[in-house]
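Data block below; observations after.
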Amino acid sequence: DLLDAADLLAGELVHIVDITNGARLETYTIAGERGSGVIGINGAAARLVHPGDLVILIAYGQLETAEARELKPHVVFVDADNKILATGFDPAEAIAGSGLVRGDLVAGR
């Protein structure tokens, strides 16, 4: 479900940013059991990201300029169990009621 919501393919290159400890790495997606909410970090990367860490997964694409201008990113907001709360197209968005502030408002202080 998470891969579909984020428009990611199994085996697609992703960058992982660990908000908890600041680690950054690149790896690839492996499809897990649908609906499980599992985001597993395997192999050597498991030394950098630990269960319970807050992470952001980022995928990039190479596009022609005209395509890039039309691209809308897929943003998936999840709860503590990685269940999908909302999806959107604005990376700065904060979910209503989450207590978070839009990312572009924080940067513009």
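Heads up, the sequence shown is in this note's numbering, so the first residue is 17 and it goes up one at a time. We put the CB at the ideal spot given by N, CA and C, even for glycine.
TYR44 vs LEU64 beta-carbon contact at 8 Å = Along the sequence shown, one-based indexing puts residue 44 at 28. Along the sequence shown, one-based indexing puts residue 64 at 48. No, the pair does not count as a contact, with Cβ atoms beyond the cut-off.
Minimum C-alpha distance to PRO67 - residue among THR36, PHE105, GLY51, LEU79 = As a first step, residue 67 must be located in the sequence shown, where it is residue number 51. Nearest Cα to PRO67 within the set THR36, PHE105, GLY51, LEU79: THR36.
Among the residues of its own chain, which have a CB less than 7 Å from the CB of GLY48, if the five just before and after it don't count?
-> Along the sequence shown, read from residue 1 onward, the residue named residue 48 stands at position 32. So the qualifying residues of the chain are VAL54, GLY56.
Hey, how far is the Cα of ARG50 from the Cα of ASP17?
-> As a working mapping, residue 50 is identified with position 34 in the sequence shown. As a working mapping, residue 17 is identified with position 1 in the sequence shown. When the Cα atoms are used, ARG50 and ASP17 turn out to be separated by approximately 6 Å.
Please state if the CB of ALA108 and the CB of ARG118 are separated by a distance shorter than 8 Å.
-> Sequence index remark: in the sequence shown, residue 118 carries index 102 (1-based). Sequence index remark: in the sequence shown, residue 108 carries index 92 (1-based). Cβ distance < 8 Å, so ARG118 and ALA108 count as in contact.
Just tell me which of ALA82, SER52, LEU41 has its CA closest to the CA of ILE100.
-> As a position in the sequence shown, residue 100 is number 84, starting the count at 1. If you compare the alpha carbons of ALA82, SER52, LEU41 with that of ILE100, the shortest gap goes to SER52.
Are ALA22 and VAL71 close, meaning C-beta to C-beta below 8 Å?
-> Start at 1 with the first residue of the sequence shown, and residue 22 comes out as number 6. Start at 1 with the first residue of the sequence shown, and residue 71 comes out as number 55. If you check the CB distance, ALA22 and VAL71 do not come in under 8 Å.
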